[in-house]
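Single-structure report; data block below.
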Amino acid sequence: MPLPGEGRGKPLSEEKRRDGEAATGDFLIAASVPRGEPLCLSHLREACRGDAQDARLAVVHVRTPFARRPGASFAARIIPSSRRHASVSLLVLLIALLAQHTYPPPARPPLLRLYGRLCLAIRQKFDAGDRNSGIFGWVVLMTAVLVPAIFLTMLAARIHPAALALLDLAVLYGSLRFLATMRELSALEKSLRAGDTRSALSMLGEWQGQGLDDADAGALARVAAEHALREAHQGTFALLFWFLVLPGPVGVVLYAASLRAARAWEHRVEPHERDFGWFAGVAFMLLDWIPQRVSAFAFAIVGDFEDALFSWRTQAASWPRREEAVVLAAGAGALKVRLGEPIPAGGAWVPRPTLGVGDMAGEDALASLEGLLWRCLVLWVVVYLLAVVLQMR
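Residue numbers (our numbering): 1037 to 1429.
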């Protein structure tokens, strides 16, 4: 298999060496390298002749800057790939969910506690009350979490594909919150059906970090549905998106750490303290822009398609928190119920716009939401299967 424009077994002609026509050429040469043997020029010559058989495939990236300088040394190197096969991603995902079902992780897994402690330490160290310090703090946080993640991913890829799969499994096990969300949602639904609104109020306060002032069953159901949609997206579906897009666990770590920084520095602080978290909020919005819309479209596919798109288009812009507006609006439309509406919190009734169409959400809506989220997870498994099929072609 000679290179374009070359004779058999001659990677670069003498004429091209003289006039420098190939000075900027990058080639991918498939060289068959027997197991245990280092790459050498003989393997490249065999690849050009097509004589090598029954050997391992190596991808060699050959750069030819020496074409302008006759007599310069030949450069070739193997680029180890940390990209996993899509079938491995699917297998890792299923094993992580099975492991979480068999051995449920703690309410706050070690990875999430690590992100929280880093955010707290960085804010205490660098918060000068302005946006510039917030930008610097966000860069420090990303460096602290991404550099080790990239290093471990490259190291695991060099050791063995199984090592990379184990690393992926550990990060997914400590990051996904789908089963935990379903357990909380189911418990709240049972309490509301039993008429135990006080217990439901307590569970909701522990789950989302802030409760309501009054044990009103309708308000409890609406807030629980909103928090379940929020947690399902940010704790599962957005992570699955980045796990599929970026190599190894890097995408999962990037998204989870950015979400924690946005929550700790901007979303859950007083308005006059948000300058430090301004950039963290903007960075998270950019990271979550595509996943939000993917989740919203997935809700539309597995729920009421027309109402989900209608609520998304007409109501999302009115929701006060932009980082969740698209997901909540599409989820409410897909369920054909109304979320939002005023709720009793902070000693007063908090006005909120309406999301969705149909009847006001109640305990029946929570049961429907459980089915919607399970169907959405199945849809993600189908997407991973399609990725496997496309990679095999």
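We put the CB at the ideal spot given by N, CA and C, even for glycine.
In whole angstroms, give me the CA-to-CA distance for residue i and residue j.
| i | j | result |
| --- | --- | --- |
| Thr1441 | Ala1201 | Not covered by the structure: residue 1441. The range shown for the chain is 1037 to 1429. |
| Phe1214 | Ala1268 | 6 Å |
| Ala1261 | Val1175 | 34 Å |
| Leu1409 | Leu1129 | 16 Å |
| Ala1253 | Met1239 | 13 Å |
| Ala1365 | Ser1347 | 5 Å |
| Val1419 | Phe1277 | 10 Å |
| Trp1301 | Gly1317 | 8 Å |
| Ser1211 | Arg1266 | 15 Å |
| Gly1407 | Gly1231 | 22 Å |
| Trp1355 | His1196 | 47 Å |
| Val1288 | Leu1275 | 5 Å |
| Val1393 | Ala1384 | 25 Å |
| Ala1352 | Ile1326 | 15 Å |
| Thr1233 | Ala1192 | 49 Å |
| Arg1411 | Ala1223 | 19 Å |
| Leu1413 | Gln1160 | 38 Å |
| Ala1157 | Leu1422 | 42 Å |
| Gly1284 | Gly1152 | 22 Å |
| Asp1087 | Ile1171 | With a pLDDT of 43 at Asp1087, under the threshold of 50, the predicted position of this residue should be treated as unreliable, though the coordinate-derived value follows. Between Asp1087 and Ile1171, the C-alpha separation is close to 56 Å. |
| Ala1164 | Thr1350 | 39 Å |
To which residues of the same chain is residue i closer than 6 Å at the C-beta, ignoring the five residues directly before and after it?
| i | result |
| --- | --- |
| Ser1331 | His1269, Phe1273 and Val1363 |
| Phe1110 | Only weak support exists for where Phe1110 lies, its pLDDT of 34 falling under 50; the value from the coordinates is given anyway. Counting only Cβ-Cβ distances below 6 Å, and skipping sequence neighbours, we find nothing. |
| Cys1155 | Arg1296, Ala1297 and Ala1300 |
| Arg1229 | Glu1399 |
| Ala1199 | Ala1192 |
I'd like the list of long-range same chain contacts for residue i, defined as Cβ closer than 8 Å, with 5 residues on each side in sequence excluded.
| i | result |
| --- | --- |
| Leu1248 | Leu1237, Leu1240, Gly1241, Ala1255, Leu1256, Val1259, Ile1379, Pro1380 and Ala1381 |
| Asp1340 | Gly1369, Ala1370, Leu1371 and Lys1372 |
| Arg1167 | Asp1311, Phe1312, Trp1314 and Phe1315 |
| Ser1235 | Ser1227 |
How close, in whole Å, do the beta carbons of residue i and residue j come, if the pair is a contact with beta carbons under 8 Å?
| i | j | result |
| --- | --- | --- |
| Asp1343 | Gly1367 | No, Asp1343 and Gly1367 are not in contact; Cβ-Cβ is about 11 Å, not under 8 Å. |
| Leu1133 | Ala1292 | Not quite, the Cβ-Cβ distance comes to about 17 Å (not below 8 Å), so this is no contact. |
| Met1015 | Glu1359 | In the structure displayed, the chain extends from 1037 to 1429; residue 1015 sits before or after that span and is not available. |
| Leu1415 | Ile1337 | 6 Å |
| Leu1221 | Ala1264 | 5 Å |
For residue i, I'd like the list of residues in its chain whose CB is within less than 7 Å of its CB, leaving aside the five on either flank, ordered along the chain.
| i | result |
| --- | --- |
| Val1466 | Outside the shown range of the chain (1037 to 1429) lies residue 1466, about which nothing can therefore be said. |
| Pro1142 | none |
| Arg1424 | What sits at residue 1424 in the sequence shown is Val, not Arg. Contacts found: Ala1122, Ser1123 and Leu1126. |
| Ser1404 | Leu1371 |
| Tyr1209 | Ala1132, Ala1135, Gln1136 and Pro1141 |
| Ala1319 | Trp1174 and Ser1294 |
Should residue i be flagged as near chain D, meaning a C-beta pair shorter than 8 Å?
| i | result |
| --- | --- |
| Leu1202 | Any reference to chain D falls outside this structure, which holds one protein chain only. |
Check your understanding: Is there contact here, the stretch 1367 to 1375 with the stretch 1391 to 1404, by at least three beta-carbon pairs under 8 Å?
Key -> As far as the Cβ criterion goes, the stretch 1367 to 1375 touches the stretch 1391 to 1404, which means the pair count is three or higher.
**Study point:** Complete runs of the alpha helix (DSSP H) confined to the stretch 1318 to 1383 [at least 4 residues]
**Key:** Positions of the alpha helix (DSSP H) runs, each at least 4 residues long and wholly inside the stretch 1318 to 1383, are given as 1341 to 1351 and 1358 to 1371 in order along the chain.
Review point. Taking the runs of the alpha helix (DSSP H) that are 4 residues or longer, which of them lie wholly in the stretch 1224 to 1253?
Key: Segments of the alpha helix (DSSP H) lying fully in the stretch 1224 to 1253: 1233 to 1244.
Check your understanding: Can you list the alpha helix (DSSP H) stretches of 4 or more residues lying completely in the stretch 1122 to 1149, in chain order?
Key -> You should have 1122 to 1138.
Practice item. List in chain order: all unbroken alpha helix (DSSP H) runs of 4+ residues lying wholly within the stretch 1144 to 1195. Key: Whole alpha helix (DSSP H) segments, 4+ residues: 1146 to 1162 and 1167 to 1195.
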